[in-house]
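Asks: Numbering (the numbering used here), first residue to last: 4 to 134.
C-beta: ideal position from N, C-alpha, C; glycine also.
Quick caveat, the model's predicted, so the values are computed rather than measured.
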């Protein structure tokens, strides 16, 4: 019996948000929520891995850019302008424009965790009210 190929598939680089350098409350938000808002047909049932990079510095690891950036499989990438310090690779305290590459589990029932398809039953205890 052959198991389906469940190796995750890389999406290619995604960039749906651009930081507004004049707004301290802005930033770069390459989140899965924003990707779906920008492209409603985008589906990634389970994110297994993520790679993040600055669009202008694709070969520089984000840890070497001197910016405070969150890059994780649960949300995507978040960079807040207000978290940035003057210095690093650019002389302004704003986020660079980032892009993400996501490795998604194929959308096959055999590849996805069974906990999402399990049904749960709840038993209701008999009433304790007396008549």
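Are at least three pairs of beta-carbons, each pair with one atom in the region 53 to 68 and one in the region 34 to 41, less than 8 Å apart?
Replies: no
Asks: Can you give, in chain order, each stretch of the alpha helix (DSSP H) that sits fully within the region 17 to 89 and has at least 4 residues?
Replies: 35 to 41
Asks: Helix, strand or coil for residue 8? Go by DSSP, reduced to three states.
Replies: coil
Asks: May I have the straight-line CA-CA distance separating residue 8 from residue 114, to the nearest angstrom?
Replies: Between residue 8 and residue 114, the C-alpha separation is close to 8 Å.
Asks: Could you spell out the range, first to last residue, of the beta strand (DSSP E) harbouring residue 103?
Replies: Its beta strand (DSSP E) spans residues 101 to 107.
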